[in-house]
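Single-structure report; data block below.
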Amino acid sequence: MQLNPHVNFNGNCEEAFKFYEKHLGGKIEVLMRYEGTPAMGMTPADWKSKVIHGRIAIGGTTLMGADAPPGRYEAPKGTTISLSVTSDAEADRIFGALSEKGAVPMPIQETFFASRFGMLVDKFGVPWMVVHQKAA
Numbered sequence: 043m044q045l046n047p048h049v050n051f052n053g054n055c056e057e058a059f060k061f062y063e064k065h066l067g068g069k070i071e072v073l074m075r076y077e078g079t080p081a082m083g084m085t086p087a088d089w090k091s092k093v094i095h096g097r098i099a100i101g102g103t104t105l106m107g108a109d110a111p112p113g114r115y116e117a118p119k120g121t122t123i124s125l126s127v128t129s130d131a132e133a134d135r136i137f138g139a140l141s142e143k144g145a146v147p148m149p150i151q152e153t154f155f156a157s158r159f160g161m162l163v164d165k166f167g168v169p170w171m172v173v174h175q176k177a178a
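Be aware that the sequence shown starts at 43, since it is given in the numbering used here, and climbs by one per residue.
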């Protein structure tokens, strides 16, 4: 069994996945469009190039996502994607990239449990935590 997070986007799934591919070292595996699927008949014509199913490998995890149909998007609530990294420099770099044009409720800093920890919502509306754990 494998647990994979899935994020709905407000029409910008492809842009988000390309951003994550660039800044998180991910690899986009699938970007399936609405066009050519049974859902195309239930969505506006200008939606045909939007993503109905996307998959990107980041580290050993798969993040899935899609563009929610018009009028059905809701910003994520109650869930955050936690990204564990292997160095303070990597934490700072990734936090900086993800927080660009986003919101930062907790700047990256040292905490009682991590040498670097911060929380942000990226420009696509996805909440993230970036953490580099302290040595045991």
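Quick reminder that beta carbons are idealized off the backbone N, C-alpha and C, glycines included. In this text the structure is predicted, and so the values were computed from the model without any measurement.
The DSSP assignment places 93 to 100, 103 to 109 as complete runs of the beta strand (DSSP E) inside the stretch 70 to 124, in order along the chain (cut-off: 3 residues).
Note on geometry: alpha-carbon atoms of Ser-91 and Glu-116 lie some 20 Å from one another. Setting aside the 5 residues that flank it on each side, Pro-149 is surrounded in the same chain by Gly-160, each with a C-beta closer than 7 Å to its C-beta; the list follows chain order. In terms of Cβ geometry, Phe-137 and Phe-51 do not form a close pair [threshold 8 Å]. The stretch 138 to 158 makes contact with the stretch 168 to 175; the number of CB pairs closer than 8 Å reaches 3 or more. In the same chain as Gly-144, and ignoring 5 residues on each side of it, the C-beta atoms closer than 7 Å to its own belong to Leu-162, Val-163, Asp-164, Lys-165, in chain order. Counting C-beta atoms within 10 angstroms of its own C-beta, Leu-45 has fewer than 16 neighbours from the protein chains shown and is therefore classed as exposed.
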